[in-house]
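In our numbering, the protein residues as written are 550 to 764.
Written out as structure tokens, the structure is:
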């Protein structure tokens with residue numbers, strides 16, 4: 550009886566069935582893994598889109614140029630470009646194209662934000678250098694005049710003038726000025742922010758939300 554069972558178990562038919570079962574189990578595990586990967590990717594992209602749009606909202610509220618330092622980067626790692634291949638065949642190609650376009654425009658906006666931030670920094674440095682140079686020159690002339698003239702009235706007048714110059718310097722140092730910011734930089738930021746669309750208002754975003762819940 551044992552030999553018969555052994556022969557049956559080792560027959561080609563039974564081995565084929567066993568291999569088929571093993572193959573089905575492996576395929577089932579593979580499909581489950583793929584679904585988990587897709588669900589995880591959809592969650593990551595959805596959260597990244599939400600963060601980009603939230604940062605974009607804050608950027609649009611930036612009225613004063615120097616407040617650009619208070620804005621956060623629109624993105625950190627751009628996870629979409631790492632996982633978008635998982636969505637091929639799972640969502641319509643027009644949805645993939647729409648998300649691609651959104652991310653491309655987000656990159657342009659972040660470039661404009663960085664350029665504006667750099668321009669504000671350079672503006673601040675140039676303004677400080679210009680004001681310091683002219684202030685030092687005026688104070689030197691006042692000091693020379695005071696050294697040459699020992700009259701108390703002249704000395705008091707020079708002191709008042711020096712204080713006035715220092716007050717003017719302090720005002721110019723702290724005052725927001727756009728004199729040194731290139732117009733092309735501000736226009737680049739304005740065009741970029743105004744041209745980007747919100748992907749969360751589109752069917753592509755809704756599809757991502759559905760994929761997050763797929764079983």
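Ideal placement from N, C-alpha and C gives every residue a C-beta, glycine not left out.
Same chain only: Cβ atoms within 8 angstroms of residue 602, ignoring 5 sequence neighbours per side: 747, 748, 749
Length of the line joining the Cα atoms of residue 766 and residue 754: Because the chain is modelled from 550 through 764, residue 766 falls outside the range shown and cannot be assessed.
Distance, residue 600 Cα to residue 665 Cα: 21 angstroms
Which listed residue (758, 751, 671) has its alpha carbon closest to that of residue 646: 751
Buried or exposed (CB count within 10 angstroms, at least 16 for buried), residue 579: For residue 579, the predicted model reports a pLDDT of 44, less than 50, meaning its position is unreliable; a value from the coordinates is still stated below. By the neighbour-count rule (16 or more Cβ atoms within 10 Å), residue 579 is not buried but exposed.
Whole-angstrom C-beta distance between residue 760 and residue 627, which should lie under 8 angstroms: Actually they are not in contact, since the Cβ atoms of residue 627 and residue 760 sit about 19 angstroms apart, beyond 8 angstroms.
With 16 other Cβ atoms within 10 Å as the buried cut-off, status of residue 642: exposed
Inter-residue spacing [alpha-carbon to alpha-carbon] between residue 581 and residue 651: Because residue 581 sits at a pLDDT of 46, beneath the cut-off of 50, its placement in the model cannot be relied upon, and the point is left open.
Buried versus exposed, by CB contacts within 10 Å (16 or more), residue 606: exposed
Straight-line Cα distance separating residue 595 from residue 658: 19 angstroms
Which of helix, strand or coil DSSP assigns to residue 648: helix
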